[in-house]
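Enquirer: Per our numbering, the sequence shown starts with residue 707, numbered consecutively.
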Amino acid sequence: MLRVISQRSNLQTASYNIFRGVRLGFSSTSNREELITGLDDNNVTENIASRVGRNLHLQPNHPLHTIKQKIETHFLTLHTSFETYSNLSPIVSTKNCFDDLLIPPSHVSRSPSDTYYISSTKCLRTHTSAHQSTLLKESKSKCFLCTGDVYRRDEIDRSHYPVFHQMEGVKLFEEGTHVSVIEDDLKKTLEGLTQELFGDVEMRWNTDYFPFTDPSWELEIYFNDEWLEVLGSGVIQPSIITNAGLTQPGWAFGLGLERLAMVLFKIPDIRLFWSKDERFLGQFDGGIVEFKPFSKYPSSDRDMSFWTGSQNFHSNDFAEIVRNCITEDIIESVTLIDEFTHPKTKEVSNCFRFTYRSMERSLTNEEIDRVHFKVRERAVEELGVVLR
Ligand code: DAH
């Protein structure tokens, strides 16, 4: 499932804060320091802060860069008027990330268990849609593509990582253009793009829901014997446009680069995108080529059972502790394999299975035991769980 903002709902209220990055561009070191503030509202970990500024989408020959280039070239060939942005700061105001896009204060995507907050008014962007309003307002861009790293607290498995990359596209039309014309153009454009990337595949449009577009659709393709979500899109809510001081109607879409790259390059695990190993990076030359696994190192499982101890236990908080204790990417997945409620005390017990595997080397039992033990300790200290 595309990790869409539509699937979540919330907690935190937001107030206005100036978004620093759009005009200045992004200097990784100065902004990284700004990430961990020590404020109570701040839930950005060292592990996450260290990803800011890596800019995988700007690294020549990296699969994410290749996909981005391919999409941009496709759009620029069609319409020279598209402007491209790839270097906007991922530190945004909650106003830009949520309020400007009509995401209500109660939406789950705004919860601190889903979003990395730097303060109550600043966060790491959860999607590139966060730049829509500012770009419309400040640069008066009528058509643009905006690419960047986005951050979401999330589960741990082969296709989820707390940092991934998205591209947002926006196109405005003449004032008074009928919505059916916008819909036709949106669908034709995105079908053309999909064909460029995947060749002649079967496609289908499903209606969807996003707070910032109406109507909204997702595009799916039939690829490798299954339906695969490619992107979310829709006709921009008129109030977003008028709030940006404009009057023309338009469409928008958003897509995840890892999702496309994993399919097109046959990359089996999302952690590989972060690899600095030449056996990974050296395979790519700027074209779409099939990734050849250099070696499949063995996996090793460990289980962890505990009483959650509190009504507020959230598996994303647990995942965050795991990612923080295990800073090298040696954890492939953490899966809830058993959950039950004690019939008398009503206490909840969870059992998680940890699958350890490195993409780059063999792991020893000792090192797995060491980090696994650290996770147990931290979960007790920070979440108040009671080990079983
Ligand atoms: N921002 C959405 C997400 O992160 C993706 C998206 C959907 C962007 C529809 C759009 C859109 O511009 O129209 O899940």
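Here a beta-carbon is modelled for each residue, glycine too, at the ideal position from N, C-alpha and C.
Remember, predicted model here, so these are calculated numbers, not experimental data.
Is the number of C-beta pairs between the region 1043–1055 and the region 1000–1019 that are closer than 8 Å three or more?
Expert: Result yes; three or more Cβ-Cβ pairs closer than 8 Å.
Enquirer: Under 6 Å Cβ to Cβ from T751, same chain only, skipping five residues before and after it: list those, please.
Expert: Cβ neighbours of T751 beyond the five flanking positions: N1030.
Enquirer: Within 7 Å: the Cβ of E874 and any heavy atom of ligand 1?
Expert: Result yes, Cβ under 7 Å from ligand 1.
Enquirer: For Y791, does the count of other Cβ atoms within 10 angstroms reach 16, so buried, or fall short, so exposed?
Expert: Per the 10 Å Cβ criterion, buried.
Enquirer: Roughly how many angstroms separate the alpha carbons of E740 and L841, rounded to a whole number?
Expert: Using only the alpha carbons, I get a separation of about 23 Å.
Enquirer: Could you compute how far the alpha carbon of P1004 sits from the alpha carbon of E1073?
Expert: Rounded to the nearest angstrom, the two C-alpha atoms are 14 Å apart.
Enquirer: Taking the alpha helix (DSSP H) that D891 belongs to, which residues open and close that run?
Expert: Note, D891: alpha helix (DSSP H), V885 to F904.
Enquirer: Please list, in chain order, all residues of the same chain as E861 whose beta carbon is under 8 Å from its beta carbon, the five residues on each side excluded.
Expert: Within the same chain, E861 has close Cβ partners S1021, N1022, A1025 and V1040.
Enquirer: For the beta strand (DSSP E) that contains M873, what are its first and last residues?
Expert: Residues V869 to L878.
Enquirer: Does the beta-carbon of Q1017 have 16 or more other beta-carbons within 10 angstroms, so that it is buried, or is it exposed?
Expert: The residue in question, Q1017, is exposed, as its Cβ has fewer than 16 Cβ neighbours within 10 Å.
Enquirer: For the beta strand (DSSP E) that contains K828, what are its first and last residues?
Expert: That run of the beta strand (DSSP E) goes K828 to L830.
Enquirer: Output the distance between the C-alpha atoms of K843 and T953, rounded to the nearest integer angstrom.
Expert: Approximately 11 Å, taken between the alpha carbons.
Enquirer: With DSSP collapsed to three states, give me the class of I824.
Expert: I824: strand per DSSP, three-state reduction.
Enquirer: Are T834 and V856 close, meaning C-beta to C-beta below 8 Å?
Expert: Cβ atoms of T834 and V856: closer than 8 Å.
Enquirer: Does S813 come out as helix, strand or coil in the three-state DSSP assignment?
Expert: First, the residue type needs correcting, since residue 813 is His and not Ser in the sequence shown. If DSSP states are grouped into helix, strand and coil, H813 belongs with the strands.
Enquirer: Compute every distance between the C-beta of A958 and the non-hydrogen atoms of ligand 1, then say whether any falls below 7 Å.
Expert: The answer is yes for A958.
Enquirer: In chain order, which continuous runs of the beta strand (DSSP E) of length 3 or greater are located wholly inside the region 976–1023?
Expert: Taking only runs of at least 3 residues, the beta strand (DSSP E) segments lying wholly in the region 976–1023 are 1006–1013.
Enquirer: Cβ of F1058 versus every heavy atom of ligand 1: is any distance shorter than 7 Å?
Expert: Not so, every heavy atom of ligand 1 lies at least 7 Å from the Cβ.
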